[in-house]
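Here is the structure we will look at.
2 protein chains.
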Amino acid sequence: MSATLHDVARLAGVSIKTVSNVINDYPHIRPTTKARVEQAIAELGYTPNLTARSLRSGRTGAIALAVPDLGLAYFAELAASVIAAAEAAGVVVLVEQTGADPARERELLRSPRLKLTDGLIFSPLGMGQEDADALAVDYPMVLLGERIFDGPTDHVTMRNVEAARAATEFLLASGRRRIAVVGAHAGEVIGSAALRLQGYREALAAAGIPYDDDIVGYTTLWHRANGADSMRELLARGVEFDAVFGLNDTLALGAMRVLQEAGRSIPDEVAVVGFDGLDEAEYSIPSLTTVDPGRDWIARTAVSTLLERIAGKVTGEPRLLLADFRILARESAPRPAALAGADAAAAPGDTAVAGLRS
Amino acid sequence: MSATLHDVARLAGVSIKTVSNVINDYPHIRPTTKARVEQAIAELGYTPNLTARSLRSGRTGAIALAVPDLGLAYFAELAASVIAAAEAAGVVVLVEQTGADPARERELLRSPRLKLTDGLIFSPLGMGQEDADALAVDYPMVLLGERIFDGPTDHVTMRNVEAARAATEFLLASGRRRIAVVGAHAGEVIGSAALRLQGYREALAAAGIPYDDDIVGYTTLWHRANGADSMRELLARGVEFDAVFGLNDTLALGAMRVLQEAGRSIPDEVAVVGFDGLDEAEYSIPSLTTVDPGRDWIARTAVSTLLERIAGKVTGEPRLLLADFRILARESAPRPAALAGADAAAAPGDTAVAGLRS
DNA sequence: TTGAAAGCGCTAACAC
DNA sequence: GTGTTAGCGCTTTCAA
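From first to last, the protein sequence lines stand for chains A and B. My numbering applies: residue 482 is where the first sequence begins, and numbers increase by one. My numbering applies: residue 482 is where the second sequence begins, and numbers increase by one.
Here it is, written out as structure tokens:
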């Protein structure tokens, strides 16, 4: 089978310690010895056995990422970013799907399979604030999302309230006054839906516009079908609105479809804004104005934060790290003239409107 | 730190072998002994150290999945299916992204990081037939996709030619005669684009319709923008067509957008069919008729085949395993009456039209 | 600058 | 039925 340190040492005529030193770039090795060892390594095609190294060192060089489902575009793109960031740091990513099931999420936290990794980036969708204690695990962990706050671990997330408020203000600045919402969750206090709805309400309040629950569509899930169903229900009820704020892009795309079927022109009759900055929002018809909540920054920061904890470089209190956001103005809700000055660097064809320091 | 077998053995007053026996469900243990050990395990919160077990047993309980990019919907959905299938089998999945770069793909095959896994499910997009030899690795591997055939490993893939031919025949049966293609690759012989184009040509030939390269759009990538660009170019050239076959769903969705911008009604003036059976094809406007190439079966089969090789249950020649496909008829190209009898079980709202035994 | 040897936590012969 | 023991391949004191 595969060659071991002993094989290399024997061939090079040195001890395994010397070979180990060469592999680990220990500085004080005589160049001739080093050359001889490297020659032997090449000759045998030796690669270190990472399992053995892990057992000895206590580090695996792998991290785990737990998301609800890679079939959900947001989490697929998040995972892509996390894996890319991890690779740049030389670690590998083990991906788990929890199906947004709180029981499976809790179970995952205690799973022995995590022993194969040095730490976990955890994006729960089923667990809630009442499960905060379950996050007190004995391995490094970084929490994502907005299901649980003030937990015992580092937490990297987005500015939901501010970003949703900015999206709403964007519509208000466009002259819209009856802004429907798609994707609210009844009774939720924290969680993406509640926080984004709060931002929406803050913007309305600041503009002196009363909140009207009649134009708020409630859904349980955030799939495209839910956005479509919710919009159908709004139309069926005959309520009036001149804009729609989809609490995520998928909902907004579903709602947009139904609006078009119903013959409402976008953005003339109804402007539509989503949330998530999904790649596909750029290619819908019409292209979807959306809030990029800083997904890529979140991924990179989650990885670097986790690796710092693993390395023991940071040992203080759990930190809350918040990403910048920006509004990507597209066809479904063009940038109002009033916000023209707020332009900033953005993807070609996009117009960045707002951003906060993290 | 974490408790070990020794700790448990000491607490239970037995040897570590007995503890090991209990953990591994060795049958011949006295019930009282077993109970005592289990009590000690619970008391200490013992979980086995999988790294140590791996070193000893030579198995890690993890497999690797290498795909181009999780940002591509097809691969995200494939990964979701693979992870689900692996979890059902009790193994965990380490996901690598190669960016479809042939150099990175070749490098990955020799990466020591794979030592952390028992085998690899590899979906190359950059490597080609000329790299077949590079697939001769010394660990179990299952190949996906259609970049390389007759390689030294098991290969699980779809019936590209037959499925594309069926999609084209579906359009022909609808009375379409000028079927444009979006996403062809110039000079390619194998690979998804070439095989699907071949199926298209076979269908035309069987129907006695001459192939016309003027209505075949060539692209390098298969993103939505490429489908849009390709369609724009077709429209600009003023060529006539009454249907479009997108060589994947993403291309078809991009093309559909441009058709709508140009005022061509779908499916009346132009029928559109995609390929991949992506979830999002069901929610576009109009919903997209597409070929489900059996992605879920491919994922499950890849996992089970790999695990069989790992277990050494199978040792024969490399196998080629082909998935069934079916056409999901939707709004962009309704099922022609001539194919009405071919209906079969399918997702609600879908109409399955064709399928082959694997 | 290099070597010898212990041991990470577990499994699996082999003994009793 | 249960205990002893020898490693899996590596890192890491400690000596030389």
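All C-beta atoms in this analysis are idealised placements derived from N, C-alpha and C, irrespective of residue type, glycine included.
Assigned secondary structure, residue 662 (chain A) (DSSP; H/G/I helix, E/B strand, else coil): strand
Within 8 Å, strictly: CB atoms of residue 777 (chain A) and residue 755 (chain A): no
Supposed contact pair residue 653 (chain B) and residue 684 (chain B) - C-beta distance, whole angstroms, cut 8 Å: 6 Å
The ligand ADP and residue 575 (chain B): does any heavy atom of the ligand fall closer than 7 Å to the residue's C-beta? In terms of ligand content, the structure shown is empty, and the ligand ADP therefore cannot be addressed.
What is the rounded straight-line gap between the Cα of residue 735 (chain B) and the Cα of residue 575 (chain B)? 32 Å
Using a Cβ-Cβ cut-off of less than 8 Å, list which residues of the stretch 691 to 715 of chain A approach chain B; keep chain order. 705, 706, 709
With a threshold of 16 other CB atoms inside 10 Å of the CB of residue 487 (chain A), please say whether the residue is buried or exposed. exposed
Between residue 528 (chain B) and chain A, is the shortest Cβ-Cβ distance under 8 Å, so that the two count as touching? yes
So which residues on chain B does residue 757 (chain A) lean against when the C-beta distance must stay under 9 Å? Here the premise fails: no neighbours, minimum Cβ distance about 13 Å.
Helix, strand or coil at residue 704 (chain B) according to DSSP, with G and I counted as helix: coil
Scan the stretch 539 to 552 of chain A for residues whose Cβ lies nearer than 8 Å to a Cβ of chain B and list them as they occur along the chain. 541, 542, 543, 550, 551, 552
Which residues in chain B sit within 8 Å of residue 738 (chain A), going by Cβ to Cβ distance? 764, 765, 766
Enclosing alpha helix (DSSP H) for residue 610 (chain A) [first to last residue]: Run containing residue 610 (chain A): none; DSSP gives neither H nor E here.
Where residue 681 (chain B) sits in the DSSP three-state scheme: helix
I need the straight-line Cα distance from residue 789 (chain A) to residue 624 (chain A), nearest angstrom please. 14 Å
Range of the contiguous beta strand (DSSP E) that encloses residue 618 (chain A): Here residue 618 (chain A) belongs to no beta strand (DSSP E), and DSSP marks it neither H nor E.
When DSSP labels each residue in this structure, what does residue 699 (chain B) get in the three-state scheme? strand
To which residues of the same chain is residue 680 (chain B) closer than 6 Å at the C-beta, ignoring the five residues directly before and after it? 642, 645, 646
Under 8 Å, Cβ to Cβ, is there at least one residue of chain B near residue 532 (chain A)? yes
Nearest CA to the CA of residue 801 (chain B): which residue from B:519, B:622, B:537? B:622
Could you tell me which chain B residues have their CB closer than 7 Å to the CB of residue 558 (chain A), listed as they occur along the chain? 552
Taking only three categories from DSSP, how would you classify residue 634 (chain A)? coil
Classify residue 635 (chain B) as buried or exposed, calling it buried when 16 or more other Cβ atoms lie within 10 Å of its own Cβ. buried
Whether or not the stretch 739 to 751 of chain B and the stretch 709 to 727 of chain B are in contact is what I'm after, with contact meaning three or more pairs of Cβ atoms, one per stretch, closer than 8 Å; do they touch? yes
Relative to the C-alpha of residue 601 (chain B), which candidate in B:669, B:661, B:791 has its C-alpha closest? B:791
Which chain B residues sit within Cβ distance under 9 Å of residue 593 (chain A)? 528, 529, 530, 531
Within chain A, partners of residue 523 (chain B) - CB distance below 8 Å: Near residue 523 (chain B) there are no residues of chain A at all, since even the closest Cβ is about 13 Å away, more than 8 Å.
Could you say which of A:786, A:803, A:655, A:503 lies nearest to residue 816 (chain A) if we only look at CA atoms? A:655
Chain-ordered chain A contacts of residue 520 (chain B) [CB-CB under 9 Å]: Residues of chain A passing the Cβ test: none, with the nearest at roughly 19 Å.
Does any CB atom of chain B fall closer than 8 Å to the CB of residue 565 (chain A)? yes
Between the alpha carbons of residue 587 (chain B) and residue 614 (chain B), how many angstroms are there, rounded? 11 Å
Going by beta-carbon coordinates alone, are residue 728 (chain A) and residue 674 (chain A) separated by less than 8 Å? yes
Mind checking which residues open and close the alpha helix (DSSP H) that includes residue 808 (chain A)? Unbroken run through residue 808 (chain A) is the beta strand (DSSP E), 807 to 809; no alpha helix (DSSP H).
Residue 838 (chain A) to residue 805 (chain A) span [Cα, whole Å]: Reliability fails at residue 838 (chain A), whose pLDDT of 31 lies under 50, so the model's placement of it is uncertain and no value is given.
By alpha-carbon positions, which one of A:568, A:808, A:796, A:511 ends up nearest to residue 784 (chain A)? A:568
Between residue 529 (chain A) and the rest of its own chain, which residues show a CB-CB distance below 7 Å, the 5 nearest in sequence each way excluded? 504
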